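Written below as structure tokens is the structure these notes are about.
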Amino acid sequence: MSDNLAALTAAQLSDLYASGDASPVDTTQAVLDQIEAHNPTLNCFCLIDGNSALTTARESEARWQKGEPLSAIDGVPVSIKDLTLTKGWPTMRGSRTGNPDGPWDEDAPATARLREAGAVLTGKTTTPEFGWKGVTDNPLTGITRNPWNPERTPGGSSGGASSACASFMGPLHQGSDAAGSIRIPAAFAGIFGHKPTFGLVPNYPLPGHIGNLANMGPLTRTVTDAALMLNILASPDSRDSMAAPASAQNENYLNALDAGIEGVRIAYSPTLGENGWADDDVAAAVAAAAETLRELGAIVEEVDPDIPPVRPIIEVIWAAADAWLVDQIPAEKHALMDPGLLAIAEEGRKLSV
Numbered sequence: 008m009s010d011n012l013a014a015l016t017a018a019q020l021s022d023l024y025a026s027g028d029a030s031p032v033d034t035t036q037a038v039l040d041q042i043e044a045h046n047p048t049l050n051c052f053c054l055i056d057g058n059s060a061l062t063t064a065r066e067s068e069a070r071w072q073k074g075e076p077l078s079a080i081d082g083v084p085v086s087i088k089d090l091t092l093t094k095g096w097p098t099m100r101g102s103r104t105g106n107p108d109g110p111w112d113e114d115a116p117a118t119a120r121l122r123e124a125g126a127v128l129t130g131k132t133t134t135p136e137f138g139w140k141g142v143t144d145n146p147l148t149g150i151t152r153n154p155w156n157p158e159r160t161p162g163g164s165s166g167g168a169s170s171a172c173a174s175f176m177g178p179l180h181q182g183s184d185a186a187g188s189i190r191i192p193a194a195f196a197g198i199f200g201h202k203p204t205f206g207l208v209p210n211y212p213l214p215g216h217i218g219n220l221a222n223m224g225p226l227t228r229t230v231t232d233a234a235l236m237l238n239i240l241a242s243p244d245s246r247d248s249m250a251a252p253a254s255a256q257n258e259n260y261l262n263a264l265d266a267g268i269e270g271v272r273i274a275y276s277p278t279l280g281e282n283g284w285a286d287d288d289v290a291a292a293v294a295a296a297a298e299t300l301r302e303l304g305a306i307v308e309e310v311d312p313d314i315p316p317v318r319p320i321i322e323v324i325w326a327a328a329d330a331w332l333v334d335q336i337p338a339e340k341h342a343l344m345d346p347g348l349l350a351i352a353e354e355g356r357k358l359s360v
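Residue numbers (the numbering used here): 8 to 360.
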């Protein structure tokens with residue numbers, strides 16, 4: 008186990024808090040030190056609130072000392088993506104068109120559940136403007152970089168979260184995903200990301216341009232930590248009328264980790280019909296993963312479904328959505344925006360219903 012508290016997983020920290028061998032205050036300070044040391048290079052946090060984090064950590068420490076933690080992640084540092092409402096902090100969505108003065112008086116469901124669980128909110132992570140693309144740079148905060156190679160992107164749109172996670176700026180990071188915005192950055196940064204089933208994690212307010220395509224989920228360094236975080240995120244919230252019923256949100260996802268995959272049927276398609284454009288080394292890695300699943304007891308069947316190209320369909324949806332989004336912003340502010348977003352919005356305006 009590492010001597011650096013910032014490098015530990017949420018599960019490890021929870022055990023150490025329970026035994027008294029580590030404290031939320033020391034852990035939070037270690038994470039803040041890590042952010043201070045590496046965020047100037049990686050630019051994964053657009054807002055850091057050390058004073059609030061340490062105050063929350065002290066409250067958590069008192070609960071652990073009494074044996075009364077609010078949850079298994081009480082006192083564990085967590086970041087919030089800058090598309091997600093957080094009471095007391097501006098949610099700028101990577102854009103210079105918003106008002107940093109707020110008012111910022113409401114938590115999104117994900118933020119609220121994490122706060123209620125005693126998690127230590129350290130700050131907000133970067134996103135491309137309004138989460139519009141799969142790399143993370145924006146006109147407000149600039150370029151976010153990959154800790155494995157700062158000349159590369161950590162992906163997007165939860166790129167700040169993936170970069171922070173991979174560089175030990177806390178074990179738990181909240182993201183959102185409509186078309187890969189958790190999964191892409193998780194892959195780019197070598198961490199674990201999960202887009203939950205629609206409705207499992209309540210979402211509010213829904214992004215006006217993509218609606219319920221976007222789901223909230225965890226980015227972590229281990230699957231166990233993702234299960235811990237999902238246990239908290241998958242909780243009811245009356246503001247989301249399409250969320251799963253409470254009866255579907257009572258599962259302990261940790262219980263599934265040791266169940267194994269013996270007999271699970273998995274269809275593996277190297278091409279997905281006419282959509283197989285992966286580089287050779289990526290295709291080889293996926294094939295190796297399929298073989299590993301087979302060795303673990305899964306029934307893996309290679310299939311070749313008749314699926315036409317899907318990218319043109321996605322591009323139409325995205326262009327139309329971004330056209331609507333940009334048109335909600337006063338024209339005099341368009342010069343402040345990402346030129347790429349403006350360009351795809353212009354393509355969207357050419358579409359007919």
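The C-beta atom is built at its ideal place from N, Cα and C for all residues, glycine as well. Note that the structure is a prediction, hence the values are computed from the model and not measured.
Checklist entry - What number of angstroms, rounded off, separates the C-alpha of D33 from the C-alpha of L235? => result 21 angstroms
Item to check | Close-in-space but distant-in-sequence residues of the same chain around D144 (CB under 6 angstroms, 5 per side omitted) | outcome: I150
Checklist entry - According to DSSP, which residues form a beta bridge with D28? => result The partner list for D28 (beta bridge, DSSP) is empty, contrary to what the question assumes.
Checklist entry - Which stretch, first to last residue, makes up the beta strand (DSSP E) that contains K88? => result P84 to K88
Checklist entry - By Cβ distance, which residues of its chain are closer than 6 angstroms to A84, with the 5 residues on each side in sequence left out? => result The amino acid occupying residue 84 in the given sequence is Pro; Ala does not appear at that position. Excluding residues within five positions, the ones whose Cβ falls inside 6 angstroms are T35, V38, V127, T129 and G177.
Checklist entry - Should Q335 be labelled buried (16 or more other beta-carbon atoms within 10 Å of its own) or exposed? => result exposed
Item to check | Host alpha helix (DSSP H) of E68 (start-end) | outcome: G57 to K73
Next on the checklist: Please list the terminal residues of the continuous beta strand (DSSP E) segment that includes L179.
Outcome noted: L179 to D184
Checklist entry - For S102, is the classification buried or exposed, using 16 other Cβ atoms within 10 angstroms of its Cβ as the cut-off for buried? => result buried
Next on the checklist: Extract the residue ranges of the beta strand (DSSP E) inside the segment 265 to 293, only unbroken runs of 3 or more that lie entirely within it.
Outcome noted: 272 to 275
Next on the checklist: I want to know whether the segment 106 to 126 touches the segment 39 to 57 - three or more CB-CB distances under 8 angstroms.
Outcome noted: no
Item to check | Per DSSP, cross-strand counterpart(s) of F52 | outcome: T132
Checklist entry - When you compare only the Cα positions, how much space is there between P212 and M99? => result 14 angstroms
Next on the checklist: Buried or exposed for T204, going by 16 or more other Cβ atoms inside 10 Å?
Outcome noted: exposed
Next on the checklist: Assuming P225 is part of the beta strand (DSSP E), what are its boundary residues?
Outcome noted: N222 to T227
Next on the checklist: Just to confirm the assignment: which complete beta strand (DSSP E) runs, minimum length 3, are found wholly within the segment 163 to 216?
Outcome noted: 179 to 184
Checklist entry - Closest to A124 by CA distance: which of S169, D108 and E66 is it? => result E66
Next on the checklist: On the DSSP letters alone, give me the boundaries of the beta strand (DSSP E) that E354 sits inside.
Outcome noted: Element bounds for E354: not the beta strand (DSSP E) but the alpha helix (DSSP H), P346 to R356.
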